Amino acid sequence: MPKKEKGESHSKRPLSRRSPSWCRYTDEEVEALVIKLSREGNPQSRIGVILRDQYGIPIVKTITGKGVSDILKENNLSPSVPEDLEALLKKVANLRAHLDRNRSDAYNRRAVQVIESKIHSLSDYYKNKGVLPEDWKYSSESRT
Numbered sequence: 017m018p019k020k021e022k023g024e025s026h027s028k029r030p031l032s033r034r035s036p037s038w039c040r041y042t043d044e045e046v047e048a049l050v051i052k053l054s055r056e057g058n059p060q061s062r063i064g065v066i067l068r069d070q071y072g073i074p075i076v077k078t079i080t081g082k083g084v085s086d087i088l089k090e091n092n093l094s095p096s097v098p099e100d101l102e103a104l105l106k107k108v109a110n111l112r113a114h115l116d117r118n119r120s121d122a123y124n125r126r127a128v129q130v131i132e133s134k135i136h137s138l139s140d141y142y143k144n145k146g147v148l149p150e151d152w153k154y155s156s157e158s159r160t
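Position one of the sequence shown corresponds to residue 17 (this note's numbering), numbered consecutively onward.
Structure (structure tokens):
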């Protein structure tokens with residue numbers, strides 16, 4: 017019988033909040049790397065993956081005391097729209113282009129509705145948190 021667990025890797029973050037002893041980067045070097053990678057056009061999630069895989073930096077917050085998003089905000093490099101919301105906007109734009117070519121695709125017409133619902137709820141969340149301005153509005157006609 018297959019397991020009831022659905023694909024979790026069961027990996028956990030380290031319990032210690034201190035910088036690992038084997039990591040040789042200082043907090044200034046890590047911040048400089050984050051800024052450099054952001055200026056190259058990498059989103060926040062990819063910055064963390066690059067730092068982990070190429071530089072051996074497990075968690076930025078344990079070394080610098082700040083997260084990647086905090087470092088980017090301090091240097092005015094944070095994106096105007098959060099990364100997860102931007103991904104949903106791109107996905108719905110691609111699906112709308114697909115529906116323009118394939119008008120009878122009912123499955124993806126429903127998928128657009130589901131994604132737009134996610135966009136609305138996520139934008140409400142970010143408006144309440146103060147990440148997005150209160151007058152920010154998604155409209156399906158303008159596709160922004």
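From the three backbone atoms N, C-alpha and C, an ideal C-beta is built for every residue, glycine too.
Owing to the predicted nature of the structure, the values given are computational and were not obtained by experimental measurement.
Q.
Let's see if you can read the secondary structure: which residues bound the alpha helix (DSSP H) around residue 143?
A. Numbered from its first residue, the sequence shown carries residue 143 at position 127. Where residue 143 is concerned, the enclosing alpha helix (DSSP H) stretches over 122–145.
Q: Kindly give me the distance between the Cβ atoms of residue 91 and residue 51, rounded to whole angstroms, as I take these residues to be in contact under 8 Å.
A: Residue numbering aside, residue 91 sits at position 75 when the sequence shown is read from its first letter. Residue numbering aside, residue 51 sits at position 35 when the sequence shown is read from its first letter. Correct: roughly 6 Å between the Cβ atoms.
Q) What does a CB cutoff of less than 7 Å around residue 33 pick up in its chain, not counting 5 residues either side in sequence? A) As a first step, residue 33 is located in the sequence shown; it is residue number 17 there, counting from the start. So the list reads 78, once near-sequence residues are dropped.
Q. Do you know how far the Cα of residue 140 is from the Cα of residue 158?
A. Here residue 158 refers to the residue found at position 142 of the sequence shown. Here residue 140 refers to the residue found at position 124 of the sequence shown. The predicted model places residue 158 with a pLDDT of 47, which falls under 50 and marks its position as unreliable; any figure quoted below should be read in that light. Computed Cα separation, rounded: 19 Å.
Q) Taking DSSP as the reference, what is the three-state secondary structure of residue 150? A) Taking the sequence shown and counting its residues from 1, the one referred to as residue 150 is at position 134. Of the three classes helix, strand and coil, the one that applies to residue 150 here is coil, per DSSP.
(Q) Give me, in chain order, the residues of the same chain whose beta-carbon lies closer than 8 Å to that of residue 39; leave out the 5 immediate sequence neighbours on both sides. (A) Position 23 of the sequence shown holds residue 39. Closer than 8 Å at Cβ, skipping near neighbours: 72, 73, 74 and 79.
Q.
Counting C-beta neighbours from all protein chains within 10 Å, is the total for residue 67 16 or more, i.e. buried, or is it exposed?
A. In the sequence shown, counting from the first residue as 1, residue 67 sits at position 51. Residue 67 comes out buried.
Q) How is the alpha helix (DSSP H) around residue 65 delimited, first residue to last? A) For the purposes of this step, residue 65 is identified with residue 49 of the sequence shown, where counting begins at 1. 60–70 is the extent of the alpha helix (DSSP H) around residue 65.
**Q.** Helix, strand or coil at residue 160 [DSSP, three-state]
**A.** On the sequence shown, position 144 is the one that residue 160 refers to. Note that residue 160 scores 39 on pLDDT, short of 50, meaning its location in the model is unreliable and no value can be drawn from it.
Q | Close beta carbons around residue 83, own chain, < 7 Å, minus the five adjacent residues each side | A | Here the question's residue 83 lines up with position 67 in the sequence shown. Excluding positions up to five away in sequence, the list reads 76 and 77.
Q) Does the beta-carbon of residue 129 have 16 or more other beta-carbons within 10 angstroms, so that it is buried, or is it exposed? A) Along the sequence shown, read from residue 1 onward, the residue named residue 129 stands at position 113. By the neighbour-count rule (16 or more Cβ atoms within 10 Å), residue 129 is not buried but exposed.
**Q.** Whole-number beta carbon distance between residue 94 and residue 85, since they are thought to touch under 8 Å
**A.** As a working note, residue 85 is residue 69 in the sequence shown. As a working note, residue 94 is residue 78 in the sequence shown. That pair is a contact at about 6 Å.
Q. If we count the other Cβ atoms within 10 Å of its Cβ and call it buried at 16 or more, is residue 60 buried or exposed?
A. Here residue 60 corresponds to residue number 44 of the sequence shown, with the count starting at 1. In summary, residue 60 is buried, with 16 or more beta-carbon neighbours lying within 10 Å of its beta-carbon over all protein chains present.
Q.
I'd like the span of the alpha helix (DSSP H) that includes residue 75, first residue to last.
A. The sequence position of residue 75 within the sequence shown is 59, counting from 1. Looking at the DSSP string, residue 75 is not in any alpha helix (DSSP H), and its letter there is neither H nor E.
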